[in-house]
Structures are given as structure tokens and as C-alpha cells.
Amino acid sequence: MQRLKNKVAIVTGAASGIGRSTAERFADEGATVFCVDLQVGGLDETVASLKAKGATAEAFVCDASNEADVKAAVAKCVSSFGRIDVLVNMAGILRFGHTHEMSLATFELVMKVNVNSTFLFCREALPELVKSKGNIINAASTSALQGLPYGAAYGASKAACLSLTRSIAVDYAKKGVRANCVAPGDVTTNIANNITFPEDGDFSMMPRISSLTGAKGPEVIAGVIAMLASEDGAHITGECVRIDGGTLA
Ligand SMILES: NC(=O)c1ccc[n+]([C@@H]2O[C@H](COP(=O)([O-])OP(=O)(O)OC[C@H]3O[C@@H](n4cnc5c(N)ncnc54)[C@H](O)[C@@H]3O)[C@@H](O)[C@H]2O)c1
Numbered sequence: 018m019q020r021l022k023n024k025v026a027i028v029t030g031a032a033s034g035i036g037r038s039t040a041e042r043f044a045d046e047g048a049t050v051f052c053v054d055l056q057v058g059g060l061d062e063t064v065a066s067l068k069a070k071g072a073t074a075e076a077f078v079c080d081a082s083n084e085a086d087v088k089a090a091v092a093k094c095v096s097s098f099g100r101i102d103v104l105v106n107m108a109g110i111l112r113f114g115h116t117h118e119m120s121l122a123t124f125e126l127v128m129k130v131n132v133n134s135t136f137l138f139c140r141e142a143l144p145e146l147v148k149s150k151g152n153i154i155n156a157a158s159t160s161a162l163q164g165l166p167y168g169a170a171y172g173a174s175k176a177a178c179l180s181l182t183r184s185i186a187v188d189y190a191k192k193g194v195r196a197n198c199v200a201p202g203d204v205t206t207n208i209a210n211n212i213t214f215p216e217d218g219d220f221s222m223m224p225r226i227s228s229l230t231g232a233k234g235p236e237v238i239a240g241v242i243a244m245l246a247s248e249d250g251a252h253i254t255g256e257c258v259r260i261d262g263g264t265l266a
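This is the structure in C-alpha cells:
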């Protein structure tokens, strides 16, 4: 399918996991992909793999939670490719721990990386998305929809991303811009591989974050993001699509 032919997409978190898989799927669907991440090596690998498919792609190394970096990233995408049709915010981090032991610095870091990055990229890209009648897909999580054991900061940040997305969907609907979230659960990536329950954690709560059908790779999320980004998602806005193999069923 070439549902994103002639479209220009920014994908953050593109050096690994769901962001990389989304960049690859977008390239397969005909998009030009502007790939953003902190990790230089992973980003270069992603862009090389897109170019090997014959796609047009560019890497931009930046901290997605830094205002100046985000302004520079969006400006570079526009100067390189002339437009933005799709914005995918996948950059994110996870920190586990008991709430009563969590430092304010850790809480603020999780909020900054997950929420500020999403806000800043939306804010900077929206004028271009209004011109192109484009759309946004942000990363929520099942933790935005139900309690995540030992994940209070992360859950709070993802609920904020969901709420931000819904407000943007309402504010910009009549300007032709759509905004949606995906809520992944139990997807095998670096974040998921680094889940560390507290030593005295209650492992009987693991089913709350475990798929009923087994963990899946990031491509199961990328396919849904591509649908939302394309004309197949033309009547979907303000939605949060749970993709978790039944974790919350
Ligand atoms: N894997 C899951 O089961 C799962 C579940 C729910 C939500 N999510 C969300 O999906 C998104 C993608 O995560 P993933 O699972 O692919 O994990 P991942 O760790 O493989 O990818 C996250 C990417 O974000 C990048 N990143 C982190 N901080 C950044 C910053 N300040 N600036 C720029 N880039 C930054 C990392 O370098 C990494 O490449 C995240 O927002 C995550 O919270 C994942």
C-alpha cells in the first residue's frame, strides 16, 4: 500500500522500537520521513534502512523535550521538504518505582521527556499541519487508561499526552487537522525490556501489564499508526486506540 505517497512525516523516537518501526512502515507506504531522536547511532541505522528501501529520509539529532531543539527540528524539516503532513510523537522514557520513594527529579524528568516533547512538537508543527490539513499521532499507553503498578510518573505523563491530544483534536478539527493517540501495551522494545519492578514489588500484578496473547513486536503499533495517518483514518480524531493484546480487556 502507498497510502502516504507524497506525504512528509516527522517521527520522534525514530532510533528504536515503535518510532523506528513507524518510520519503516511510513517509508513502505510512500512517505518522506524526517527522523528525530537523541541517539545518533540508532537514528543513522533507521535512516539507512529507509534509504535502502528507496525512501527519502533525513536524520535530526535532538532532545525532543528542549524547546530550541524542537524549533530547529521542525524548521529543518520544512526547509528540507517544504511541508509537514504527519507528526508522530514516539520519543519517551519509563521509570519504575514506589511513589513514596520517587524523587521529584525523576518525576519531573519523566514528565519533561514524555509530555513537554509532545507539546513542543505539536505546537511547532501545527501551523504547517493546518496548511497541509495533516494529522498528529501521539504515544499514550495502557497506563493512561488504568493504574500501572510502580509507574505513577509514567502513567501520569501518558494520561497528560492523551488529554493534550484530545484538546488539540477539538481545537483544530475545523481547521482540518486530526489528532489521535495510540495506547500500546506489552510491546517488545527497549523500554519494555528495561522494566524493573522494585525489589519488594508484588509480581502478582504483572498480568496488569501483560498481553493475553503474548508480547508483540513494534510493527503491530506501526501498522495502526499508518492507518491513522492515512486517509483510511480520515474520520478518526480525538481517539485513543488501545493496542495491547487484551491487557485491559
Ligand atoms: N513498548 C511498550 O510496550 C509501550 C507501551 C506503552 C507506550 N509506549 C510508548 O511508545 C513510545 C515508544 O517507545 P518504545 O517502546 O519504542 O521504546 P524505545 O525505548 O525503543 O524508544 C523510545 C525512543 O525515544 C528516544 N528518546 C527518549 N528520550 C528522548 C528525548 N529526550 N529526545 C529525543 N528522543 C528521545 C529514545 O532514544 C528511543 O529511541 C514511548 O513514548 C513509550 O512510552 C511503549
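Quick note on the working numbering: the sequence shown kicks off at 18 and runs consecutively.
Heads up, the beta-carbon is just placed ideally off N, CA and C, and yes, glycines get one too.
Item                                                                                                                                                                 : Value
In its own chain, which residues sit with a C-beta less than 6 Å from the C-beta of K175, not counting the 5 before and 5 after it?                                  : A157, S158, S160 and A161
Output yes or no for whether 7 Å exceeds the beta carbon distance between L60 and A85.                                                                               : no
How long is the line joining the alpha carbons of A169 and I208, rounded to whole angstroms?                                                                         : 16 Å
Tell me the residue span of the alpha helix (DSSP H) that contains E256.                                                                                             : That residue, E256, is in no alpha helix (DSSP H); it is neither H nor E in DSSP.
Of all the options T135, I110, A92 and R20, which has the alpha carbon lying nearest to the alpha carbon of F124?                                                    : I110
Just to confirm my understanding: we take M244, look at its own chain, exclude 5 residues before and 5 after, and list those with CB closer than 7 Å. What are they? : G250
My assumption, with CB atoms under 8 Å, is that S38 sits in contact with P235. Please give the rounded CB distance.                                                  : 4 Å
Please check the pair G202 and M107, which I expect to be a contact at CB under 8 Å, by giving their CB distance rounded to whole angstroms.                         : The Cβ separation is near 15 Å, so there is no contact.
Which word fits E248, buried or exposed, when buried means at least 16 other C-beta atoms lie within 10 angstroms of its C-beta?                                     : exposed
Identify every residue that forms a DSSP beta bridge with L104.                                                                                                      : I27 and I153
Which word fits P166, buried or exposed, when buried means at least 16 other C-beta atoms lie within 10 angstroms of its C-beta?                                     : buried
Please classify F77: does DSSP put it in a helix, a strand, or coil?                                                                                                 : strand
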